[in-house]
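In full-length UniProt numbering, the protein residues as written are 1 to 113. Notes follow the structure.
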Amino acid sequence: MDTAVQVSTSVGWREKVAVLSVSGDVDMVTAPQVEQDLAALLEQQPEVLVVDLTEVGFFASAGLTALVAAYKQAEGRTGLRVVATSSATVRPLKVTALDRKIPVFDSVEAALA
């Protein structure tokens, strides 16, 4: 059985704003890692957390669940924003109306503005 993780994350800080860049596929196997990374960042209480999904090729419902968990954890303390540019990431956010709860931007720069 192939247990290779098909997702990677990296964190960048811009003053009190954290940017979590995600690349690869976010599915039921890899979403827990993304959710854990989001939770760990939120524990540091940034003013804003930008989740950059521009390098994500597949975004399953487990990825949406990770974002919802982050949204609940961030509520009232940290502004949560998502960067999504491909149909693989934008469509699930729109279909589930999650884009109405978490602002979606087309670039990290726009999310930081």
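Glycine residues also receive a C-beta, built at the ideal position from the N, C-alpha and C atoms. Note that the structure is a prediction, hence the values are computed from the model and not measured.
key: Sub-9 Å separation of VAL108 and VAL19 beta-carbons   = For VAL108 and VAL19, yes; Cβs fall inside 9 Å.
Assumed close pair VAL51, VAL82 - CB separation to whole angstroms, cut-off 8 Å = Yes, they are in contact, since the Cβ atoms of VAL51 and VAL82 sit about 5 Å apart, within 8 Å.
Same chain, Cβ closer than 7 Å to VAL17, five either side skipped, listed in chain order = Correct list, in chain order: PRO46, GLU47, VAL48, VAL50 and LEU112.
request  = Output the boundary residues of the alpha helix (DSSP H) element that contains VAL11.
outcome  = Taken as a continuous stretch (DSSP letters only), VAL11 belongs to no alpha helix (DSSP H), being part of the beta strand (DSSP E) at 7–14.
query = Which ranges would you report for the beta strand (DSSP E) in the UniProt domain "STAS" (7–113) if only whole runs of at least 3 residues count?
reply = Runs found: 7–14, 17–26, 48–59 and 79–83.
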